[in-house]
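The numbering of the sequence shown is this note's numbering, which starts it at 179 and goes up by one.
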Amino acid sequence: MRNPADNISATSRRGFLAGSLAGTAYLLPQFARRVHADDPLSQLNTKHKSLIVRTEDPANAEPALDDLVKSWITPVEHFYVRSHAPVPDVNVERFELSVEGLVERPMKLSLTQLQDRFRKTSVVATLTCAGNRRREHSQTLKVGGVQWAEGPIGNARWGGVALSEVLKAAGVKENASHVWFDSLDKVVKDDRTFPFGASIPLATAMKDHKAAPGAMLAWEMNGQPLPPDHGYPLRTVVPGYIGARSVKWLGKIIVSDRPSPNHFVATAYKLVTVDTPDEWQQQLPIYRYAVNSAICVPAESAKLKPGRQRLAGYALPNGGGEQRIERVEVSVDGGKKWQRAELTSPGRAFCWQLWQADVDLSAGDHRLMVRAIDTAGNVQPEAIGWNRKGYLFNAWHQVPVQVGS
Ligand SMILES: Nc1nc2c(c(=O)[nH]1)N[C@H]1C(S)=C(S)[C@@H](COP(=O)(O)O)O[C@H]1N2
Ligand SMILES: [Mo]
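Right, dumping it as C-alpha cells:
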C-alpha cells in the first residue's frame, strides 16, 4: 500500500520530521551520506533497501506489505526501521559496553571481549513496533505518532550472547529487580537531550525459554553485523516484548531495584487515554505484544477479478511465553463465515507465522478479514478500545477490495 497520503499524515504533534516524499519505494539518502565508501559496512548498509518512508531523519520506514510476507526470515532490506533519533556515529574500536548498578563486579566490555568471553548463540525472533497498525487505530480518532500501516514488524535471526550470561558474570545483587538499557543515541524532546532507554524485569532477563533466551545482546542480524539503522554495533533483543524494549546502539546496562526512569519507560509506551502525569503513574509500561494478524496480499482497494483469489499475510502469537499460532481464519463476507487459512512457514514461539488462503470472490465490493488465535488461547479481538498513543492495535484486520464482473 503505497499511499502518498500516509506520508503527509506522518507530520505529528510530536514534531517528527515530515517525510513529504511521495510514498514510493525509496532509497533513504542519509544512509548514503553517513557511510564512507571504504567502510565494509556500506555493503550491508541498506543499499537495496526499498521501504516506504514515513519520516526521513530520524528514519522511520516500513516495507510494502507484499514484500513483507515473501519470506519467514525478513531480509534487512525489507525490515522496518523505527528510530526516535538519528543513528549515532559509534567507533567500534573505542566501543565499550558498561555493566553497572546492582552488580558485584561492574564491567566494561569491548565488542571483542563480549564475543570472546561468552558463549555465542542465535535466536529467531520477531520484532514489532507497539505502533504497528496505528493508522487503523487513527480511523476511530486520530492519534499522534508515525501513522504506521501493518509493516513495522519483521522476523530475523539475531546472533550474540544471552543477557543472562553477562549478568551472571557481573553477579546480580539480591535486591535487583529490573535491568535498564541505555542507548548511545541522542533523543531531543522538549529542550532536553537524552538517550533512548528501556528496562525489563530481571526475571525476564534471566529467563531461559526452550525457544529463546529472555533477552539477547545481539551484534548480528541474519548472519551479518547489525546494520547501522538496526543498532550497530550492539543492541538488545527481547523476544516477546514490543520493539521499544530492544534497545539499539546499546551503551550501558544498569541493574536496578526499579524500572528505568527513561522517558520511553516512565512516560511513553503506556496505554493512556488522556496522557497526563497521573495516568503515567497509574499505568505500567507495556512489555509484551499482543496476538495479531494482517492480510498483506491483496492490497487495500485492489481491483480484482471474480473467482479464486489467494490471500497471504502474517500472524503473531501473544508475546507472553512459548505459545505459537494455533489457527488463522479469513472471511470475505464481513465476518459471517470464516475459513481456515493454511500455515505456510515454521511456527515457533516468539516468531510470526506466515499463512495463505484461497478464497472465492464474487463480483462486488468485499471486505476481506483475518483473525488469529494462539496455542495459549489468546484470541484476536474483533475491536479494541482506543488509546491516545495508538499502541497494540490488534483488532481483526480488514481489507476492502473491489471485484469487477
Ligand atoms: N536506541 C534506540 N533503540 C530503539 C529505538 C530508538 O529509537 N533508539 N526504537 C525502538 C523501537 S520503538 C522499535 S519498534 C525498535 C525497532 O527496531 P528496528 O529499527 O531495528 O526495526 O527499536 C527500538 N530500539
Ligand atoms: Mo516501536
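Think of the CB as a built atom: it goes at the ideal place given N, C-alpha and C, for glycine as much as any other residue.
Here the structure is a predicted model, which is why all the values come from computation and not from measurement.
- Partner residues in a beta bridge of P284, as assigned by DSSP, do not exist.
- Ligand 2 has no heavy atom closer than 6 Å to the beta-carbon of R413.
- A Cβ-Cβ separation of about 6 Å places P578 in contact with S479 under the 8 Å criterion.
- Nearest neighbour of S361 by Cα position, chosen from V350, L428, K298, turns out to be L428.
- L319 sits away from C474, with the two beta carbons spaced by 7 Å or more.
- Contact annotation, L395 with L341: C-beta distance approximately 6 Å; criterion of less than 8 Å satisfied.
- Ligand 1 approaches R260 closely enough that one of its heavy atoms is under 6 Å from the residue's Cβ.
- Taking a contact to require three or more Cβ pairs closer than 8 Å, the region 447 to 457 and the region 534 to 551 do not qualify as touching.
- Look at the beta carbons and you see the region 525 to 532 not touching the region 554 to 568: under three pairs across the two are nearer than 8 Å.
- The C-beta separation of Y492 from V302 comes to about 14 Å, leaving the pair out of contact by the 8 Å criterion.
- Going by beta carbons, I251 and E240 fall outside the 7 Å limit.
- Distance from the Cα of S249 is smallest, within the candidate group K364, N572, L532, H315, for L532.
- Close CB contacts of E504 within its chain, under the 6 Å cut and outside five residues either way in sequence, are with I551, D552, T553 (chain order).
- The three-state reading of DSSP puts H315 in helix, counting H, G and I together.
- A distance of 7 Å or more separates the beta carbons of A237 and V254.
- Shown here for C529: same chain residues with a beta carbon closer than 7 Å to its own, the five before and five after excluded, namely V302, A303, T304, N333 in chain order.
- If you check the CB distance, R545 and Q576 come in under 7 Å.
- A direct Cα-to-Cα measurement between S300 and I420 gives close to 19 Å.
- Excluding the 5 residues flanking it on each side, L289 has same chain C-beta neighbours closer than 7 Å at V270, F273, W397, P411, L412, in chain order.
- Going by DSSP, E457 is part of the alpha helix (DSSP H) stretching over 455 to 460.
- With at least 16 other beta carbons inside 10 angstroms of its own, N556 counts as buried.
- Counting only residues of its own chain and dropping the five nearest sequence neighbours on each side, G582 has a CB closer than 8 Å to the CB of K481, L482, K483, P484, A541.
- Under the DSSP assignment, S361 falls outside any alpha helix (DSSP H), being part of the beta strand (DSSP E) whose first and last residues are 356 to 361.
- For V301, the enclosing beta strand (DSSP E) begins and ends at 299 to 306.
- With distances taken between CA atoms, R436 lies nearest to S377 out of Y465, K426, S377.
- Look at L412 here: in three-state DSSP terms it is coil, with no helix or strand label.
- Inter-segment contact for the region 366 to 374 and the region 386 to 393 is absent: fewer than three beta-carbon pairs are separated by less than 8 Å.
- Between the beta-carbon of K364 and that of A263 there is about 5 Å, and that keeps the pair under the 8 Å contact cut.
- If you ignore the 5 residues before and after F442, its C-beta comes within less than 7 Å of the C-beta of F374, G375, A376, A422, all in its own chain and listed in chain order.
- Just so you know, the alpha carbons of G513 and N496 end up roughly 22 Å apart.
- Under a 10 Å Cβ-count criterion, W564 is classified as exposed, with fewer than 16 other Cβ atoms of the shown protein chains found around its own Cβ.
- Annotation for S342: the continuous alpha helix (DSSP H) segment containing it runs 341 to 348.
- In the DSSP assignment, A490 falls within the unbroken beta strand (DSSP E) covering 485 to 494.
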